[in-house]
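There are 2 protein chains.
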Amino acid sequence: MTAELWLTQLHENGYRLTDARRAVVEIVEQSTRALTPVEVYDLARKKYRALGLVTVYRTLEKLEELHLIQRVHQPQGCQAFVSAGHGHQHLLLCQNCGRVEFFDGDDLDALTRYIAQKTGYQINEHWLQLFGLCMDCRKN
Amino acid sequence: MTAELWLTQLHENGYRLTDARRAVVEIVEQSTRALTPVEVYDLARKKYRALGLVTVYRTLEKLEELHLIQRVHQPQGCQAFVSAGHGHQHLLLCQNCGRVEFFDGDDLDALTRYIAQKTGYQINEHWLQLFGLCMDCRKN
DNA sequence: TACACTATTGAAAATGATTTTCAATATCAA
DNA sequence: TTGATATTGAAAATCATTTTCAATAGTGTA
């Protein structure tokens, strides 16, 4: 159960463990889709009715700060978060159901070196994201 | 003067040419940085005082629809637009001054095929963006 | 276990970004 | 030149996010 690990992380970083945080963590950790704050709010309130939307925002902020979740950029908007992969990974998104997959194994070094040389930029970082249809969504 | 071309594009697509649109187009077309709607508004109002912010939004919407500009996604936010490159190109952003460069010549086919095979996804699209420091900003 | 300190909470209000509504105006084809 | 109508800016409405604040709950300590 990784939700426990997330809570441990929060605790080890000086944050208190509350029912509100537990509810948010449980929802976000086990989702295979990126969720917006309002979606998290709606889902987490099934576990903890008294939860406030503001607390969802605040909890997501902390989870992002601890690199447990990451923001997902999509053509439709950039407000959603998913549980973050480990190490340097990239996202593969299903355009139909929103399912998120991670992958690594990209080797952009050659490209990066080429572009750096051609443009004179010092390149520090890259974002790579693939979009498509997951196995399930291809079946219709 | 590409601004003229943009106006022609607008006209050919059934949109009228107005002073407001001319001012917005001129600003966005010649900028090397991504600009937010408010930034466009402030700059364009130097050319056309009566311009309204709403018209900026509406004009940006049309320019995006015609693929003359594109939205730029950054860690700080995703509200800014730049003039779009031709064909399939990617962005290289200066983390200091915001300057935007285009590049192509990425070959992600091998990676894409590999990920498709490994995950069962049908991959339709990819986003690749590099971040770094431009020549000028490296000098300090 | 009880306590005290203070981080955390939810509600309401404030802010910021974007969209809608609407009556006045400007564009453009005829 | 004119008339149909696309476009405009202002104000209001909406949606997302942040701030404020007093009440409450978590945590380490006694």
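Sequence lines, in order, name chains D and R.
Here this note's numbering = 1-based position in the first sequence + 136.
Here this note's numbering = 1-based position in the second sequence + 136.
All residues carry an ideal CB built from backbone N, CA and C; glycine is no exception.
### Task
Rounded to whole angstroms, what's the CA-CA distance from residue 177 of chain D to residue 140 of chain D? Just pull it up for me.
20 Å
### residue 215 of chain R - containing beta strand (DSSP E), residue span
213-219
### Message
On the DSSP bridge list, what partners appear for residue 264 of chain D?
### Response
Residue 264 of chain D pairs with R/264.
### Query
What span of residues does the alpha helix (DSSP H) with residue 228 of chain D cover, start to end?
Per DSSP, residue 228 of chain D lies in no alpha helix (DSSP H); the unbroken beta strand (DSSP E) holding it starts and ends at 226-230.
### Task
Starting from residue 242 of chain R, find everything on chain D with Cβ-Cβ shorter than 7 Å and list it in chain order.
247
### Message
With a threshold of 9 Å between beta carbons, is residue 274 of chain D in contact with chain R?
### Response
yes
### Task
Mind reading off the beta-carbon distance from residue 160 of chain D to residue 180 of chain D? Whole number of angstroms is fine, and I expect it under 8 Å.
5 Å
### Interface residues of chain R facing residue 204 of chain D [CB-CB closer than 8 Å]
Ordered by position in chain R, no residue passes the 8 Å Cβ test against residue 204 of chain D, which lies about 17 Å from the chain.
### Message
What does the alpha-carbon distance come out to for the pair residue 262 of chain D and residue 254 of chain R?
### Response
22 Å
### Task
Taking only beta-carbon positions, decide if residue 199 of chain R is within less than 9 Å of chain D.
no
### Query
If you measure from the beta carbon of residue 221 of chain R to each beta carbon in chain D, is any gap under 9 Å?
no
### Query
If the cut is a Cβ gap below 8 Å, which residues of chain R does residue 259 of chain D touch?
228, 266, 267, 268
### Query
Is residue 253 of chain R helix, strand or coil when you go by DSSP?
helix
### Query
Does the beta-carbon of residue 154 of chain R have 16 or more other beta-carbons within 10 angstroms, so that it is buried, or is it exposed?
exposed
### Message
Can you confirm whether residue 170 of chain R, when its beta carbon is compared against all beta carbons of chain D, has any partner nearer than 9 Å?
### Response
Not closer than 9 Å to any Cβ of chain D, the Cβ of residue 170 of chain R fails to qualify, so no.
### Message
How far does the alpha helix (DSSP H) with residue 147 of chain R in it extend, from its first residue to its last?
### Response
138-148
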